[in-house]
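Note sheet for the following structure.
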Amino acid sequence: MSIYGEAPSGAVNGTNTVFTTSQPFYPGSTRVYVNGERQHDGVDYSEDPPSTLTFAQPPANGAVILVDYDITAQGANYPLGQWNWNPEGYPAGSVLYYGPVLWPAGIDPGSTKTAVMVFGPGGAQANGIPPLAAGQPGPPPQLAIGNVNTLAAGSSATADLRETAPGGPGIPSAYVLDLGLPQGSPGTVGSFLIASAEDLVGTLVNGATLLFNSATGKFNPAPLPFLFAYNVTGIPTTGTSGGQVRTLSSLTIPAQTQPYLPLVFASVEVAGTVNTKVDLVARLGGAPNTQGGAEIGRGFGTLGAAPPGACDHPRVRGFAQRGLGRSSRRRNVRHRVFERRAASGDN
Numbered sequence: 004m005s006i007y008g009e010a011p012s013g014a015v016n017g018t019n020t021v022f023t024t025s026q027p028f029y030p031g032s033t034r035v036y037v038n039g040e041r042q043h044d045g046v047d048y049s050e051d052p053p054s055t056l057t058f059a060q061p062p063a064n065g066a067v068i069l070v071d072y073d074i075t076a077q078g079a080n081y082p083l084g085q086w087n088w089n090p091e092g093y094p095a096g097s098v099l100y101y102g103p104v105l106w107p108a109g110i111d112p113g114s115t116k117t118a119v120m121v122f123g124p125g126g127a128q129a130n131g132i133p134p135l136a137a138g139q140p141g142p143p144p145q146l147a148i149g150n151v152n153t154l155a156a157g158s159s160a161t162a163d164l165r166e167t168a169p170g171g172p173g174i175p176s177a178y179v180l181d182l183g184l185p186q187g188s189p190g191t192v193g194s195f196l197i198a199s200a201e202d203l204v205g206t207l208v209n210g211a212t213l214l215f216n217s218a219t220g221k222f223n224p225a226p227l228p229f230l231f232a233y234n235v236t237g238i239p240t241t242g243t244s245g246g247q248v249r250t251l252s253s254l255t256i257p258a259q260t261q262p263y264l265p266l267v268f269a270s271v272e273v274a275g276t277v278n279t280k281v282d283l284v285a286r287l288g289g290a291p292n293t294q295g296g297a298e299i300g301r302g303f304g305t306l307g308a309a310p311p312g313a314c315d316h317p318r319v320r321g322f323a324q325r326g327l328g329r330s331s332r333r334r335n336v337r338h339r340v341f342e343r344r345a346a347s348g349d350n
């Protein structure tokens, strides 16, 4: 058996020439290297006395001195079953083992080109093949999630661990985990009823819809928001004593479930002198026989004793853009139709 890579004791300072090894041996059993270059016994160094190396020239300051020697001397006390991690002069991660090496019976390296070595810690005999030695802890492996596929309901979940990097001394290995996850089985049909909802306030009737009330945070049953038409009973005859502005008729619109824009349609017959001109105006709110309230419709009259009837049409475009004439929901609104005389005379 041989022991390799021992660093002898002694100062490597450029002046010292004597170094001591850990084992006694006889001349010719050693191999000495300085900075990787083999030295020659009797020329570069001598082995006298045993366990002592004497160099002819002092090794350079900081030089790496390594000694390999054969275990041939009887009675020598050599280390058995010892491990030397990261020995000096060798690459990082190297390991030296000191101890006997067992070649199991039945192995013929000469013919099979195969050999099995069993390193026995402490030189002990062991059944089977014992582990060489406990390795030093390495960096933890890196794990990443790869493909995640959806499987059919009722199938078994799958997991596949793939190596993407083997790692090495001081370098973690890397793996990717692919998963297959089955879909859940269809659930039972729910039994929820809108009529039983906690945020529904009011009584449901046939044909009703639901409107959300932001003030209460609840839903209320309400009629569908269709357009409704409201008619007056008629416009009475008016004479000359009513003044410049007079109310012909008024109509109250009941509270609605949503904001709305009233559209007013009306017409009148005008009879008077040649200089008579009557405009027909519809207003939202305001007092009778005044021009108060938002104007929501106007029909312009023409001069004459019997001009064509003034027709009141909704002025939707301009009013809607400015927000005039709009009514908010949930309050009664009174609409009035006025006549406005623009010239004197009977009307």
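All residue numbers for the sequence shown refer to our numbering, where the first residue is 4 and numbers rise by one. We treat Cβ as the ideally placed atom computed from N, Cα and C, and that holds for glycine.
For residue 170 and residue 162, the rounded distance between their alpha carbons: For this step, residue 162 is matched to residue 159 along the sequence shown. For this step, residue 170 is matched to residue 167 along the sequence shown. Cα-Cα distance, rounded: 22 angstroms.
Beta carbon of residue 37 nearer than 8 angstroms to that of residue 11: For the purposes of this step, residue 37 is identified with residue 34 of the sequence shown, where counting begins at 1. For the purposes of this step, residue 11 is identified with residue 8 of the sequence shown, where counting begins at 1. Their beta carbons are not under 8 angstroms apart, which means residue 37 does not touch residue 11 by this criterion.
Those residues which DSSP pairs with residue 225 across a bridge: For this step, residue 225 is matched to residue 222 along the sequence shown. Residue 225 pairs with 212.
Where residue 210 falls, given that 16 or more other Cβ within 10 Å makes a residue buried: Against the sequence shown, residue 210 aligns to sequence position 207. Exposed, since its Cβ has fewer than 16 Cβ neighbours within 10 Å.
In DSSP terms, what residue 247 is bridged to: Against the sequence shown, residue 247 aligns to sequence position 244. According to DSSP, residue 247 bridges with nothing at all.
For residue 299, the three-state DSSP class (helix, strand or coil): Taking the first residue of the sequence shown as 1, we reach residue 299 at position 296. Residue 299 falls in the strand class under three-state DSSP.
Closest by C-alpha distance to residue 39, when choosing among 16, 94, 198, 223: Position 36 of the sequence shown holds residue 39. Here the closest residue by C-alpha is 94.
Beta-bridge pairing of residue 199 - partner residues as DSSP gives them: Residue numbering aside, residue 199 sits at position 196 when the sequence shown is read from its first letter. For residue 199, which the question treats as bridged, DSSP gives no partner whatsoever.
Where the beta strand (DSSP E) containing residue 148 begins and where it ends: Against the sequence shown, residue 148 aligns to sequence position 145. Here the beta strand (DSSP E) through residue 148 covers 145-154.
Backbone CA spacing between residue 70 and residue 97 [nearest angstrom]: Reading the sequence shown from its first residue, position 67 is the one you call residue 70. Reading the sequence shown from its first residue, position 94 is the one you call residue 97. Taking the straight line joining both Cα atoms gives about 16 angstroms.
Close Cβ partners of residue 187 (< 7 angstroms) along its chain, the five nearest in sequence each way excluded: Indexing the sequence shown from 1 puts residue 187 at position 184. So the qualifying residues of the chain are 156.
Sequence-distant residues of its chain with Cβ nearer than 8 angstroms to residue 144 (five each side left out): The sequence position of residue 144 within the sequence shown is 141, counting from 1. Correct list, in chain order: 170, 175, 176, 177, 178.
Reduced DSSP category for residue 163 - H, G, I as helix; E, B as strand; rest coil: Indexing the sequence shown from 1 puts residue 163 at position 160. Three-state DSSP puts residue 163 in a strand.
8 angstroms contact criterion, which residue 227 and residue 206 should meet: CB distance rounded: Walking along the sequence shown from the start, residue 227 turns up at place 224. Walking along the sequence shown from the start, residue 206 turns up at place 203. Rounded, the Cβ-Cβ distance is 16 angstroms, inconsistent with contact.
Neighbourhood of residue 130 by C-beta distance below 6 angstroms, restricted to the same chain and skipping five residues each side: Within the sequence shown, residue 130 is the residue found at index 127, counting from 1. Confidence at residue 130 is low in this model, with a pLDDT of 37, below 50, so the placement of that residue should be treated as unreliable; the coordinate-derived value is given next. Hits under 6 angstroms: none found.
Cβ-based burial, residue 328 [other Cβ within 10 Å; buried from 16]: For this step, residue 328 is matched to residue 325 along the sequence shown. Residue confidence is low: residue 328 scores 44 on pLDDT, short of 50, so the model does not pin down where it sits. No coordinate-derived value is stated.
Rounded Cβ spacing between residue 154 and residue 185 (contact assumed at less than 8 angstroms): What you label residue 154 is simply residue 151 of the sequence shown in a count that begins at 1. What you label residue 185 is simply residue 182 of the sequence shown in a count that begins at 1. Their Cβ separation, rounded to whole angstroms, is 4 angstroms, which keeps residue 154 and residue 185 in contact under 8 angstroms.
Buried or exposed (CB count within 10 angstroms, at least 16 for buried), residue 284: Residue numbering aside, residue 284 sits at position 281 when the sequence shown is read from its first letter. Buried, since its Cβ has 16 or more Cβ neighbours within 10 Å.
Through-space distance from residue 258 to residue 264, alpha-carbon basis: The count along the sequence shown starts at 1 and reaches residue 264 at position 261. The count along the sequence shown starts at 1 and reaches residue 258 at position 255. Spanning the two alpha carbons is a distance of roughly 13 angstroms.
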